[in-house]
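*Asks:* Protein chains in written order, with the numbering used here: chain A, 27 to 353; chain B, 121 to 429; chain C, 50 to 379. All residues carry an ideal CB built from backbone N, CA and C; glycine is no exception. This one's a predicted model, so the numbers in the text were calculated from it and none came from an experiment.
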Amino acid sequence: MAPLITIKDLGVAFHGVPVVRGVDLALRKGEALGLVGESGSGKSVTWLAALGLLPRNARVSGSVRLDGRELLGAPAAELDRIRGGRVAMIFQDPASALNPVLTIRRQLCEALALHRHLSGDAVKAEARRLLDLVGIPDAARRLSAYPHEFSGGQVQRIMIAMALAGNPDLLIADEPTTALDATIQAQILELLSTIRREMSMAMVLISHDLGVVAENCDRVAVMYAGRIVEEAPANQLFADPVHPYAQGLIGALPPLDGPRRRLTAIPGTVPDSARMPSGCAFAPRCALAEEPCGRMAPTLAPIAEDRAVACVRAEASRRALLGIAAE
Amino acid sequence: MGRYFAIRIGRAALTIVLVVTFAFVVLRLSGDPALMILGPEAPPEVLAAFRKAWGLDDPIWFQYLDYFGAIAKGELGRSMRDGRPAIELVLERIPATLALTLPAFAFKVALGIPAGIYAALHRGSGIDRAVMVTAVAGFTVPSFVLALILVLVFAVQLGWLPSGGQDSWRHAILPIATLSLGGAAVLARFTRSAMLEVLGQPYIRTASAKGVPWRKVVTSHALPNAAIPTVTILGFMVGTLIAGAVVVESVFSWPGVGRLLVVAVANRDLAVVQCILLLVALTMVTSNLIVDFLYGFLDPRLRAKGAHA
Amino acid sequence: MSGPLVEVSSISRSYSMRSGMFGRSTAVHAVDRVSLTMRKGETLGLVGESGSGKSTTGRIVLGLEPPDHGEVRFDGKPMATPGTPAWRAQRAHMQMIFQDPLGALDRRLPVAAQIREPLDIHGLGTPLEREERVRELLRAVELTPAHGVRYPGALSGGQRQRIVLARALATKPDFLVCDEPVSALDVSIQAQVVNLLADLQAQLALTLLFISHDLRVVRQISNVVAVMYLGRIVEIGSADDLFARPEHPYTQALVSASPAPGRRSAGRIVLAGDPPNPAARPQGCAFHPRCPRAVARCASEVPALSHVGGNRQVACHLVTGPQAETRDAA
Chain A
27 MAPLITIKDL GVAFHGVPVV RGVDLALRKG EALGLVGESG SGKSVTWLAA LGLLPRNARV
87 SGSVRLDGRE LLGAPAAELD RIRGGRVAMI FQDPASALNP VLTIRRQLCE ALALHRHLSG
147 DAVKAEARRL LDLVGIPDAA RRLSAYPHEF SGGQVQRIMI AMALAGNPDL LIADEPTTAL
207 DATIQAQILE LLSTIRREMS MAMVLISHDL GVVAENCDRV AVMYAGRIVE EAPANQLFAD
267 PVHPYAQGLI GALPPLDGPR RRLTAIPGTV PDSARMPSGC AFAPRCALAE EPCGRMAPTL
327 APIAEDRAVA CVRAEASRRA LLGIAAE
Chain B
121 MGRYFAIRIG RAALTIVLVV TFAFVVLRLS GDPALMILGP EAPPEVLAAF RKAWGLDDPI
181 WFQYLDYFGA IAKGELGRSM RDGRPAIELV LERIPATLAL TLPAFAFKVA LGIPAGIYAA
241 LHRGSGIDRA VMVTAVAGFT VPSFVLALIL VLVFAVQLGW LPSGGQDSWR HAILPIATLS
301 LGGAAVLARF TRSAMLEVLG QPYIRTASAK GVPWRKVVTS HALPNAAIPT VTILGFMVGT
361 LIAGAVVVES VFSWPGVGRL LVVAVANRDL AVVQCILLLV ALTMVTSNLI VDFLYGFLDP
421 RLRAKGAHA
Chain C
50 MSGPLVEVSS ISRSYSMRSG MFGRSTAVHA VDRVSLTMRK GETLGLVGES GSGKSTTGRI
110 VLGLEPPDHG EVRFDGKPMA TPGTPAWRAQ RAHMQMIFQD PLGALDRRLP VAAQIREPLD
170 IHGLGTPLER EERVRELLRA VELTPAHGVR YPGALSGGQR QRIVLARALA TKPDFLVCDE
230 PVSALDVSIQ AQVVNLLADL QAQLALTLLF ISHDLRVVRQ ISNVVAVMYL GRIVEIGSAD
290 DLFARPEHPY TQALVSASPA PGRRSAGRIV LAGDPPNPAA RPQGCAFHPR CPRAVARCAS
350 EVPALSHVGG NRQVACHLVT GPQAETRDAA
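1) Compute the beta-carbon to beta-carbon distance between T86 of chain C and E56 of chain C, rounded to the nearest angstrom, for a pair I have assumed lies under 8 Å.
2) Determine the chain C residues that contact E64 of chain A at a beta-carbon separation under 7 Å, and present them in chain order.
3) Of all the options B:V393, B:A342 and B:D419, which has the alpha carbon lying nearest to the alpha carbon of P205 of chain B?
4) Helix, strand or coil for G286 of chain C? Go by DSSP, reduced to three states.
5) Please determine, among C:I238, C:V236, C:G202 and C:Q139, the residue with the shortest C-alpha to C-alpha distance to K221 of chain C.
6) Could you work out which residues of chain A lie near E98 of chain C, taking near to mean beta carbons separated by less than 7 Å?
7) For a test of the three-state rule: what should DSSP assign to R224 of chain C, helix, strand or coil?
8) Return the chain-ordered list of same chain residues with a C-beta closer than 7 Å to the C-beta of G376 of chain B, the five sequence neighbours on each side being excluded.
9) Is the beta carbon of S300 of chain B less than 8 Å from the beta carbon of L209 of chain B?
10) By DSSP's criteria, N118 of chain C is part of a beta bridge. Which residues make up the other side?
11) So which residues on chain E does V338 of chain B lean against when the C-beta distance must stay under 7 Å?
12) Quick one: which unbroken alpha helix (DSSP H) runs of 4-plus residues sit fully inside the stretch 106 to 160 of chain A? Chain order, please.
13) Just checking: is the beta-carbon of D377 of chain C within a distance shorter than 8 Å of some beta-carbon in chain A?
14) Measure the Cβ-Cβ separation of G237 of chain A and P310 of chain C and say whether it is below 8 Å.
15) What residues in the stretch 403 to 417 of chain B bring their beta carbon closer than 7 Å to a beta carbon of chain A?
16) When the Cα atoms are used, what is the spatial distance from L169 of chain A to T32 of chain A?
17) Starting from V45 of chain A, follow its DSSP beta bridges and name the residues at the other end.
18) Can you look up I164 of chain C in the DSSP assignment and give me helix, strand or coil?
19) Taking all protein chains shown into account, decide if V80 of chain C is buried (16 or more other Cβ within 10 angstroms of its Cβ) or exposed.
20) Beta carbon of A76 of chain C, beta carbon of I146 of chain C: below 8 Å?
21) Please list the partners that N244 of chain C has in chain A, where partner means a Cβ-to-Cβ separation under 7 Å.
22) I need the DSSP call for L218 of chain A, collapsed to helix, strand or coil.
23) Does A28 of chain A pass the burial test, meaning 16 or more other C-beta atoms within 10 Å, or should it be called exposed?
24) Taking just the CA atoms, how far does I210 of chain A sit from M185 of chain A?
25) Would the beta-carbon of V45 of chain A fall within 8 Å of that of G68 of chain A?
26) Flag F176 of chain A as yes if its beta-carbon sits less than 8 Å from any beta-carbon of chain B, otherwise no.
27) Determine the chain B residues that contact F40 of chain A at a beta-carbon separation under 7 Å, and present them in chain order.
28) Interface residues of chain C around V238 of chain A at Cβ under 8 Å?
29) State the start and end residues of the unbroken beta strand (DSSP E) segment that holds F259 of chain C.
30) Looking only at its chain, what residues have a beta carbon closer than 8 Å to the beta carbon of L222 of chain B, apart from the 5 residues adjacent to it on each side?
31) Beta-carbon separation of L124 of chain A and Q133 of chain A under 8 Å?
32) What in chain A is Cβ-close to A302 of chain C, meaning under 9 Å?
33) Can you grab the Cα-Cα spacing for the pair V251 of chain B / V371 of chain B, in whole Å?
34) For L354 of chain B, does the count of other Cβ atoms within 10 angstroms reach 16, so buried, or fall short, so exposed?
35) With a 10 Å radius around its C-beta and 16 neighbouring C-beta atoms as the bar for buried, classify V351 of chain B as buried or exposed.
36) Taking 8 Å as the threshold (beta carbon to beta carbon), is A364 of chain C in contact with chain A?
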């Protein structure tokens, strides 16, 4: 099947400092891709860049194709049709993601008018239907309320309703549950997966939470310091991570049951994007790093049919992991 | 809603009371009026008679209450210079002042707000920098310096405009320009930062992400939010309509309230000074009240606070 | 492990909050009859969502705010009145660290000077000894004296939290309250700080009250875990088996909501309804409107925290002692 969206060699730099380098990603129709990484790894910037949502001082290079049409450098009018239309996006902070001085109706109907060309009673009926769909009770009355009259979880539901207004083929959810309590997070994730199934919509779930991504995605890409370091089907990544950073992330997560073990913390900190080490950006923190790691940044190379990893020590890393498992 | 405004109206009344009290204290601190008006050589019986006539021999709290009672009845005293009621003197000067401050206010808004919005939208551009430099210059240069520069250039050097007086509309141009430029600069800087603050908010990105064209993002998402802080500074400017031209009126010998104040202070014409002070306080307080009402109108978060209960 | 260091008996705390500008003020019960016992050298984890009252409990236990009812005893003695010399002496033995290390540090001072500050305040040691103690503390939190001369802005989030921890340890406290200490940190850094805390706790025989919304982190570091919902403890038990066999329906939902790598969301308990609002606390069991198992009794009668076997206590009408004991036996 032809991919829905293809990102090739995407680079983003702010004031000459690269924050995303050589990112390749592709998404099929209806697929759920997870993008994990710590703060500053470039996971959000990648998709903001793809949709032309970065401020003007960002330098974006490479190619982003939606059904074969190039998005980078596309005219503003075409991007406006795609954003909120074929590709919708929701964000982390529900408290400030909606305009505080406009009613929910205004904000929801705005999206409907733009992408569905509805007006009059039809637009109001559709706005009500969308609010119902995302589980806002008493939708008809709540439409005239302002964002501050809703809880964080409800605002995120409204954001989802707004995203659905254009019947998108792809939803980019950028840390959609990070600011929410655990039980509300579960509600939102369930809502997203129901909607995705019913509308056969593809989704990119950007999260720092490995568990959230693992449970809700088919495929996962792990980002570190602006690059994708490993990409694999979700179940395989968590059962058998190959990149030392992916292993480190999983080892750093405390288990919820079973015996308690000491966490395998990754030493050091994420390098400053203005002072990236030459070669593999993870090498200074990597237990397996050897001399060649400092010479050249490894590229993402396939290690199995649907897996790829960017590590010259991938084989050694895999053996090390098997060794741990054998213990 | 009622409580929101009740609190604000109460606060406004308190401000007035404080200003009136302050005026009383200043009046008394500036020395014994009898001595000041009759002079130190006046015979004691004359001084005593004067004090009795003006109630200066009553206990201080009694004088204070008396003074308050008079103000409440609208009696603001008489000018010691020509014996006319102070309020009359002040009121007849107001049209002249408004003739400067009202057009100046209009220019400030018409120049400052668009310049600020434009600079914010084109942050870092040459025009943004030009606006910012002008704005910084505009409010760091004191108005009397600006006034003198304008006089030097347009009256002395070029001879296009008169340097003072109130004979024709041409006399008003330089004072209005002086008042407008400084205010427009303040407004431009303020609007720019309010706009930049709003443009950095996540909801602006949300609007772009749902495909709203940039022009509409600015007009229907950014501007209504940026208006909220801008209203504060506009309210302050409305508050200075009556007495915000003291320096400019003096430089251009424009017979408005500001010039009256300078003359009254110089002559120790305390009733007039007090009357102007009260008027300034009233306009300030009123414009603040208007700002509060506007807040309630512009920001649903404030409106809802009242409506819920 | 020996006798209790901190005994919290039935503390309550409510705030009055006005709804709207001229509304009646309503009492918000932030903490409602919470009792806890912390033995020396033990870590008690306190989990709950926002509005559960876990942070308020932490502040009351540390004497930062007084309880309306109930009492906190530290080392057998009641808490001294804040501001008195007795209170200051007591406070040197208890410290607190918060989520935001940058907010807790002064940006204009080198961090070593900030670690030293409590030593100066409490007049501990000679100036030379204080310098030595600062170096020792930096080493204890796995930093070097080179880090000490830097300003907070020049350190990473994890390093800042270590500095805050070093400062908290300066007076050699017996008791440390940690309120979401690793929540703002990335996973890999979080693991470093959790390991460090666990090591220091063991080395120094610290008693810890560890407050977090993160079940995994709480389990990792605690001996005993208490789950709070709307100001009350709904379940308390040993960290090893509380999350493995949660009894209270709320704990079960929390555990189920905690995403795990290698598990798909099938079979997850998704609670209906909004997050709890302390200003509109439901009658009876506060959890009953969201509880999938609630019965009529839950709406009218507040369940008491009662022993259900082992060291587990549960506040739920549907979880009773004998039943739980049969399960234990099975």
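*Replies:* The relevant details are as follows:
1) Within the third sequence, residue 86 of chain C is the residue found at index 37, counting from 1. Within the third sequence, residue 56 of chain C is the residue found at index 7, counting from 1. Rounded, the Cβ-Cβ distance is 5 Å, consistent with contact.
2) Stepping through the first sequence from its first residue, residue 64 of chain A is reached at position 38. Ordered by position in chain C, the residues that pass the 7 Å Cβ test against E64 of chain A are D235, V236 and S237.
3) Locating residue 205 of chain B in the second sequence gives position 85, where the first residue counts as 1. For P205 of chain B, the nearest C-alpha among the options comes from B:V393.
4) Indexing the third sequence from 1 puts residue 286 of chain C at position 237. Residue state, collapsed to three classes: strand.
5) Taking the first residue of the third sequence as 1, we reach residue 221 of chain C at position 172. Minimum Cα distance to K221 of chain C is reached at C:Q139.
6) In the third sequence, the residue the question calls residue 98 of chain C occupies position 49. Correct list: D207, A208 and T209.
7) Numbered from its first residue, the third sequence carries residue 224 of chain C at position 175. Contrary to the premise, residue 224 of chain C reads as Phe rather than Arg in this sequence. Three-state result, F224 of chain C: strand.
8) Here residue 376 of chain B refers to the residue found at position 256 of the second sequence. So the qualifying residues of the chain are R213, A216, T217, L220, A365 and E369.
9) Taking the first residue of the second sequence as 1, we reach residue 300 of chain B at position 180. Taking the first residue of the second sequence as 1, we reach residue 209 of chain B at position 89. Their beta carbons are not under 8 Å apart, which means S300 of chain B does not touch L209 of chain B by this criterion.
10) Translated into positions along the third sequence, residue 118 of chain C becomes position 69. Checking the sequence shown, residue 118 of chain C turns out to be His, not Asn. Per DSSP, C:S61.
11) Here the protein chains are A, B and C, and chain E is not one of them.
12) 120 to 123, 130 to 142 and 146 to 159
13) Residue numbering aside, residue 377 of chain C sits at position 328 when the third sequence is read from its first letter. Any reading at D377 of chain C is ruled out, since the residue's pLDDT is 42, under 50, leaving its predicted position unreliable.
14) Along the first sequence, one-based indexing puts residue 237 of chain A at 211. Along the third sequence, one-based indexing puts residue 310 of chain C at 261. In contact: G237 of chain A and P310 of chain C (Cβ atoms closer than 8 Å).
15) Those would be none; no residue qualifies.
16) In the first sequence, the residue the question calls residue 169 of chain A occupies position 143. In the first sequence, the residue the question calls residue 32 of chain A occupies position 6. When rounded, the distance between both Cα atoms is 37 Å.
17) Counting from one through the first sequence, the residue named residue 45 of chain A turns up at place 19. Note: V45 of chain A sits in no beta bridge, so no partner.
18) Position 115 of the third sequence holds residue 164 of chain C. Looking at I164 of chain C - three-state DSSP - the assignment turns out to be helix.
19) As a first step, residue 80 of chain C is located in the third sequence; it is residue number 31 there, counting from the start. The residue in question, V80 of chain C, is buried, as its Cβ has 16 or more Cβ neighbours within 10 Å.
20) Your numbering for residue 76 of chain C matches position 27 in the third sequence. Your numbering for residue 146 of chain C matches position 97 in the third sequence. Going by C-beta atoms, A76 of chain C is not nearer than 8 Å to I146 of chain C.
21) As a first step, residue 244 of chain C is located in the third sequence; it is residue number 195 there, counting from the start. For a Cβ distance threshold of 7 Å, residue set R288, L289 and A291 of chain A lies close to N244 of chain C, ordered along the chain.
22) The residue given as residue 218 of chain A occupies position 192 in the first sequence. Looking at L218 of chain A - three-state DSSP - the assignment turns out to be helix.
23) Position 2 of the first sequence, counted from the first residue, corresponds to residue 28 of chain A. When all chains shown are included, A28 of chain A counts as exposed.
24) Here the question's residue 185 of chain A lines up with position 159 in the first sequence. Here the question's residue 210 of chain A lines up with position 184 in the first sequence. Using only the alpha carbons, I get a separation of about 15 Å.
25) Locating residue 45 of chain A in the first sequence gives position 19, where the first residue counts as 1. Locating residue 68 of chain A in the first sequence gives position 42, where the first residue counts as 1. Contact: yes.
26) On the first sequence, residue 176 of chain A is found 150 positions in, with the first residue counted as 1. It does not: the Cβ of F176 of chain A has no partner Cβ on chain B nearer than 8 Å.
27) Translated into the one-based positions of the first sequence, residue 40 of chain A becomes position 14. None at all; the shortest Cβ gap to chain B is about 13 Å.
28) Here residue 238 of chain A refers to the residue found at position 212 when the first sequence is read from its first residue. P308, listed in chain order.
29) Locating residue 259 of chain C in the third sequence gives position 210, counting from the first residue. F259 of chain C -> beta strand (DSSP E) spans T256 to S261.
30) Within the second sequence, the letter at position 102 stands for residue 222 of chain B. Closer than 8 Å at the Cβ level, and outside the excluded window around L222 of chain B, lie L361.
31) The residue you call residue 124 of chain A lines up with position 98 of the first sequence. The residue you call residue 133 of chain A lines up with position 107 of the first sequence. Their beta carbons are under 8 Å apart, which means L124 of chain A touches Q133 of chain A by this criterion.
32) For this step, residue 302 of chain C is matched to residue 253 along the third sequence. Simply A208, T209 and A212.
33) Within the second sequence, numbered from 1, the residue matching residue 251 of chain B stands at position 131. Within the second sequence, numbered from 1, the residue matching residue 371 of chain B stands at position 251. Approximately 27 Å, taken between the alpha carbons.
34) Against the second sequence, residue 354 of chain B aligns to sequence position 234. With 16 or more Cβ atoms within 10 Å of its Cβ, L354 of chain B is classed as buried.
35) Taking the first residue of the second sequence as position 1, residue 351 of chain B is located at position 231. So V351 of chain B counts as buried.
36) Working through the third sequence from its first residue, we reach residue 364 of chain C at position 315. It does not: the Cβ of A364 of chain C has no partner Cβ on chain A nearer than 8 Å.
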